[in-house]
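Numbering (the numbering used here), first residue to last: 2 to 233.
Here you go:
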């Protein structure tokens, strides 16, 4: 199964994995969700910048988690739970155990949040180190009305485009391709190449949607930073 998932990530730019120990993963994710909610409340209590005031209220929040902060313990536990199974094996195969944890955040979609524009987190370059983001469901996301992330397979490499030239996403280009979303239980994860086109969906449900997003990069030179192997 791990080889099939590795092939899927390489071929499609996205792959879904299931929690190896669902009950333990659900408990770890619940604690992480509570820490993320506390971080969200702290963020919303901060004075707004002028740009934020001009944009108006946001219904989609990105709450960063720093390695030294108090929330790191429950977040790290949720990461370990998600990486205990095929997700960990897949990331090691893609990036190696020494891959650097480049970014860690809790993503919150409020009821009423509109769909994002289709985007990629990185532009393809032959010289750039590979980045892979793991989205961990912190609770069950089983219905499309909760605004799950939609992914466009085969958009992470030039070979997926006419003429073999990678293109950044636009609404018109995305409309010509098929997108997918995955129903997830708490602790399940979607692994995505950073160049893959994607967007958060519209949350038309009555509840918040929480995801933990961890981005790892291959061959990072920085010292004294969290590594993938620290969570395995």
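Backbone N, C-alpha and C fix where the C-beta goes; we use that ideal spot for every residue, glycine too. The structure displayed is predicted, hence computed values, not measured ones.
In the structure shown, residue 90 falls within a helical segment according to DSSP collapsed to helix, strand and coil. Taking a C-beta distance under 8 Å as the contact criterion, residue 205 and residue 15 do not qualify as a contact pair. For residue 75, same chain residues with a beta-carbon under 6 Å away, outside a window of 5 residues either side, are 32, 33 and 36 in chain order. Rounded to the nearest whole angstrom, the CA to CA distance from residue 165 to residue 158 is 8 Å.
Around residue 73, the same chain offers 66 and 67 as residues with beta carbons nearer than 8 Å, after the five sequence neighbours per side are excluded. Counting C-beta pairs with one atom in each stretch, the stretch 124 to 134 and the stretch 208 to 226 have three or more that are closer than 8 Å, which means they touch. Taking C-alpha positions only, residue 160 is separated from residue 62 by approximately 34 Å.
Considering only 4, 83, 125 and 103, the residue with the shortest C-alpha distance to residue 227 is 103. One thing to note: residue 123 has its Cβ no nearer than 8 Å to the Cβ of residue 190.
For residue 189, no beta strand (DSSP E) encloses it, and the DSSP letter there is neither H nor E. Taken through DSSP and simplified to helix, strand or coil, residue 194 comes out as strand.
DSSP places residue 23 inside the alpha helix (DSSP H), whose first and last residues are 23 to 46.
In the DSSP assignment, the residues bridged to residue 153 are 198.
Residue 138 is a Cβ neighbour of residue 212, given a cutoff of 8 Å. For residue 73, the enclosing alpha helix (DSSP H) has its first and last residue at 73 to 84.
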